[in-house]
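Beneath this line is the structure, given in structure tokens, with notes to follow.
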Amino acid sequence: MKPIASFTINHETLLPGVYVSRKDLVNGQTVTTFDIRMTAPNREPVMNTAEVHTIEHLAATFLRNHPVYGSRVLYFGPMGCRTGFYLLLAEDADSKDVVPLMKELFAFMADYEGAVPGADARSCGNYLDMNLPMARLLSRRFLNEVLEHISEERLVYPN
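Everything in the sequence shown is counted per my numbering, starting at 755 for the first residue and increasing by one.
And the structure:
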């Protein structure tokens, strides 16, 4: 079998950042998949499922309700390796185009207080597996250490 594109990225040199993972044409519409990489693969601890789950709920709610991007958000969810998330947008965009949105999202999550949206037995299949304090901490770290002064090496996959 031919390897899929995401398995050809050098994870030994990949830094936390915002990357275009792929672009697909679906019924004449470009869908851009973004790799929102929050930890350095194989060099930093992965995120635990509770904070990943919390970030997923917060981000999906924020993004789908966003006044500009809401109608273009197709999906936001975790990577199986627990080093980041995928964001799929119905548009042809580059990494730098979504950095302002990512700053807005991660600032929202870093400061979020209250009940996590959808974190109840009726709305979620595993609502007890949530960790808002850690999700806030990781969001603040990503915002401060990566997004605030993002460089080209954190916007384009390494060779």
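Just so you know, even glycine gets a beta-carbon here, dropped at the ideal spot from N, CA and C. Given the structure is predicted, the values throughout are model-derived calculations rather than measurements.
* **From Phe761, Leu855, Leu817, Thr767, residue whose alpha carbon lies closest to that of Glu907** => Thr767
* Asked: Hey, Ala844 and Arg826 are a contact pair by Cβ (cut 8 angstroms); roughly how many whole angstroms apart?
  -> Contact holds; Cβ gap of about 5 angstroms.
* Determine the extent of the alpha helix (DSSP H) in which Thr803 is found, giving its start and end residues. => 803-818
* Answer yes or no: do His807 and Met884 have a C-beta to C-beta separation smaller than 8 angstroms? => yes
* To do: Would you list the one or two residues that DSSP bridges to Pro832?
  => Phe839
* Should Thr793 and Gly838 be called a contact, given that it needs their Cβ atoms to be closer than 8 angstroms? -> yes
* Asked: Cα separation between Thr762 and Arg895?
  -> 27 angstroms
* Mark Pro854 as exposed unless 16 or more other C-beta atoms lie within 10 angstroms of its C-beta, in which case mark it buried. => exposed
* Helix, strand or coil at Asp865 [DSSP, three-state] -> helix
* Distance cut-off 7 angstroms: Tyr866 Cβ against heavy atoms of the ligand HEM -> Absent from the structure shown: the ligand HEM. Ligands present: none.
* Asked: Just checking my contact of Met856 with Ile790 at CB under 8 angstroms: how many whole Å lie between their CB atoms?
  -> 7 angstroms
* Cβ atoms of Leu897 and Ala873: under 8 angstroms apart, would you say? -> no
* Asked: Which residue from Val900, Val774, Met801 puts its Cα closest to that of Pro832?
  -> Met801
* Asked: Exposed or buried, which one is Arg890 when buried takes at least 16 other CB atoms within 10 Å?
  -> buried
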